[in-house]
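Have a look at the structure below before the remarks.
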Amino acid sequence: MNETSSQTPSHSPAPEALSKQPANAYYARHIFFCLNDRKNGEESCAQHRAQEGFDRCKTQVKAAGLAGAGKVRVNKAGCLDRCAAGPVAVVYPEAVWYTYVDASDIDEIVESHLKNGQVVERLLVPSHLGR
Ligand code: FES
Numbered sequence: 000m001n002e003t004s005s006q007t008p009s010h011s012p013a014p015e016a017l018s019k020q021p022a023n024a025y026y027a028r029h030i031f032f033c034l035n036d037r038k039n040g041e042e043s044c045a046q047h048r049a050q051e052g053f054d055r056c057k058t059q060v061k062a063a064g065l066a067g068a069g070k071v072r073v074n075k076a077g078c079l080d081r082c083a084a085g086p087v088a089v090v091y092p093e094a095v096w097y098t099y100v101d102a103s104d105i106d107e108i109v110e111s112h113l114k115n116g117q118v119v120e121r122l123l124v125p126s127h128l129g130r
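Numbering follows numbering that gives the first Met the number 0, in which position 50 of the sequence shown is assigned residue number 49; successive positions increment by one, without gaps.
See below:
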């Protein structure tokens, strides 16, 4: 057993992710979905099916056995201030920003990035897009 595997549960999606983190790291990866819902008529992620994306991600991560300590956590977030690209989600520790349209996009993020550590280039938020 090497040093990385001694820190990581056997079902970890990405042992290398934990090995690069502080000793008290709890999740290998953490994805935050903006679910902000502006009531003033301005655009926000909630108007672009963000809740569906979040729900799909939670379901798929759990179904794949990726959820839990040493693995992956899926969390709700308020506005992440990148509204122009909404709906958005961000994956840490890599700080990779995604946008998505449907369930297949979420499934690809789960399988490729959250499970295997491979960034889904086609879903990246362009770096110039902010609020
Ligand atoms: S409303 Fe989602 S990033 Fe601002």
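C-beta: ideal position from N, C-alpha, C; glycine also.
Linking residue 32 to residue 106 through their CA atoms gives a straight-line distance of about 14 Å. Taking 8 Å as the cut-off, the Cβ atoms of residue 130 and residue 80 count as close. When DSSP states are grouped into helix, strand and coil, residue 75 belongs to the strand group. When distances are taken from the beta-carbon of residue 85 to the heavy atoms of the ligand FES, the shortest one is below 7 Å.
Rounded to the nearest whole angstrom, the CA to CA distance from residue 104 to residue 21 is 30 Å. Note that the C-beta distance between residue 85 and residue 44 is below 8 Å. Taking non-hydrogen atoms of the ligand FES into account, the C-beta of residue 111 is found less than 7 Å away from none of them.
Annotated three-state conformation of residue 113 is helix, per DSSP. Here the distance from the Cβ of residue 122 to the nearest heavy atom of the ligand FES is not below 7 Å. In the assembly as shown, residue 115 is an exposed residue. Its beta-carbon has fewer than 16 other beta-carbons within 10 Å.
According to the DSSP assignment, residue 60 belongs to the alpha helix (DSSP H) that extends over 49-62. Residue nearest to residue 26 within the set 125, 82 and 72 is 72 (criterion: CA-CA distance).
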